[in-house]
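Undergrad:
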Amino acid sequence: MVLDSPEENPNDGVEGYMQEACYYLRKKGLTLPQISKALEVSEKDAELLYRAYESKVAHGIVQENEVDRNLWEDMHNDSQGNEKITFARDDGLYHCRRSDLETMDSPALMSIFETSKKFLDFDMYKRYLNTKPPVGYDPMALQRQVKRAMDLIQEILDGRWKEEPRKG
Numbered sequence: 002m003v004l005d006s007p008e009e010n011p012n013d014g015v016e017g018y019m020q021e022a023c024y025y026l027r028k029k030g031l032t033l034p035q036i037s038k039a040l041e042v043s044e045k046d047a048e049l050l051y052r053a054y055e056s057k058v059a060h061g062i063v064q065e066n067e068v069d070r071n072l073w074e075d076m077h078n079d080s081q082g083n084e085k086i087t088f089a090r091d092d093g094l095y096h097c098r099r100s101d102l103e104t105m106d107s108p109a110l111m112s113i114f115e116t117s118k119k120f121l122d123f124d125m126y127k128r129y130l131n132t133k134p135p136v137g138y139d140p141m142a143l144q145r146q147v148k149r150a151m152d153l154i155q156e157i158l159d160g161r162w163k164e165e166p167r168k169g
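Numbering (the working numbering), first residue to last: 2 to 169.
1) Assign ILE151 to one of two classes, buried (16 or more other C-beta atoms within 10 Å of its C-beta) or exposed (fewer than that).
2) Report buried or exposed for TRP162, applying the criterion of at least 16 other Cβ atoms within 10 angstroms of its Cβ.
3) For a quick check, are the C-beta atoms of VAL147 and SER117 less than 8 Å apart?
4) Check whether the segment 49–69 and the segment 19–28 are in contact - that is, three or more C-beta pairs closer than 8 Å.
5) Looking at LYS119 and HIS77, is the spacing between their C-beta atoms short of 8 Å?
6) Our contact map puts LEU102 next to LEU153 with C-beta atoms below 8 Å; I'd like the distance itself, whole angstroms only.
7) If HIS96 sits next to THR104, beta carbons under 8 Å apart, how far is it from one beta carbon to the other, in whole angstroms?
8) Does THR32 come out as helix, strand or coil in the three-state DSSP assignment?
9) Any chance you could list the beta strand (DSSP E) runs of at least 3 consecutive residues sitting entirely within the segment 74–115, in chain order?
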């Protein structure tokens, strides 16, 4: 991989994105071997990409920002199976990560499950949730996300139930 100097065009296509990814993933705490594996580049290239973007930041060519940091953190979490989950509570809709659900206690999970179920029960199109979503715009995207949260909660609770030692 041939890298441009930091003085050249900061929007240099794919390489610019790779530099940004390496930079923010490194700032997130990933090691160079982890980054190289995730981005499918050599460790040497991962370090060069990181250093190139670090130099751009130092020279004021690009600026660190929260939107980019969150984007790369979300992409990393999603690629690791730690997907973002949307669920219903009595006072609105909330988001969390799968890992957050896994650390919640069972009564809290059951409460989220029940509230999400009530939310879906009020939807007159509930019967279509198990159908394949349409290509393009999905008018039931929110409901599908809440159903996904319910499925994950059920999976977590089932796993805990199976792990509990049997009493009596």
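Idealized CB from N, CA, C, for every residue including glycine.
Values in this document were obtained by computation on a predicted structure and should not be read as measured data.
TA: Concretely, from the data shown:
1) Walking along the sequence shown from the start, residue 151 turns up at place 150. Sequence check: residue 151 is Met here, not Ile. It counts as buried.
2) Residue numbering aside, residue 162 sits at position 161 when the sequence shown is read from its first letter. Counting Cβ neighbours within 10 Å, TRP162 comes out exposed, since fewer than 16 surround it.
3) Reading the sequence shown from its first residue, position 146 is the one you call residue 147. Reading the sequence shown from its first residue, position 116 is the one you call residue 117. Going by C-beta atoms, VAL147 is nearer than 8 Å to SER117.
4) With the cut-off at 8 Å, the segment 49–69 and the segment 19–28 touch.
5) As a first step, residue 77 is located in the sequence shown; it is residue number 76 there, counting from the start. As a first step, residue 119 is located in the sequence shown; it is residue number 118 there, counting from the start. The answer is no: Cβ separation not under 8 Å.
6) To locate residue 102, count along the sequence shown from 1; it is residue 101. To locate residue 153, count along the sequence shown from 1; it is residue 152. The Cβ separation is near 6 Å, so the contact holds.
7) As a working mapping, residue 96 is identified with position 95 in the sequence shown. As a working mapping, residue 104 is identified with position 103 in the sequence shown. That pair is no contact at about 15 Å.
8) Counting from one through the sequence shown, the residue named residue 32 turns up at place 31. Here THR32 sits in coil by DSSP.
9) List check, beta strand (DSSP E) in window: 85–90, 93–98.
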